[in-house]
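See structure below.
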Amino acid sequence: MRQIFERHSVDKDYVSSNYKKALISLEGKGEIQAVPPAHKRPKNKGLVTFADRVIAIFPKGSSK
């Protein structure tokens, strides 16, 4: 997550929590995989978290 944020947030008005929400949404839709998967990550106020150390895996050939 941290690498994605650092590479893509330059000169943009987004913060890391925006990226985390987007990645959680993509994972929930099955568009990416995460390591560790959502069911093994902690929850905060009942919602899945996406720590900086979570690895996001995009499908091969994905433009995301």
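Everything in the sequence shown is counted per the working numbering, starting at 6 for the first residue and increasing by one.
A virtual CB, placed ideally from N, CA and C, is assigned to each residue, including glycine.
No experiment lies behind these values; they were computed from the predicted model shown.
Checking the sheet assignment: what are the DSSP bridge partners for residue i?
i          : result
residue 52 : 49
residue 8  : Looking at the DSSP assignment, residue 8 forms no beta bridge with any residue, so it has no partner.
residue 29 : Per DSSP, none; premise fails for residue 29.
residue 60 : 40
Please report how far the alpha carbon of residue i lies from the alpha carbon of residue j, in whole angstroms.
i          : j          : result
residue 26 : residue 55 : 8 Å
residue 63 : residue 17 : 22 Å
residue 35 : residue 15 : 27 Å
Measuring CA to CA, which of the options is closest to residue i?
i          : options    : result
residue 41 : 9, 60, 34  : 60
residue 37 : 45, 44, 28 : 28
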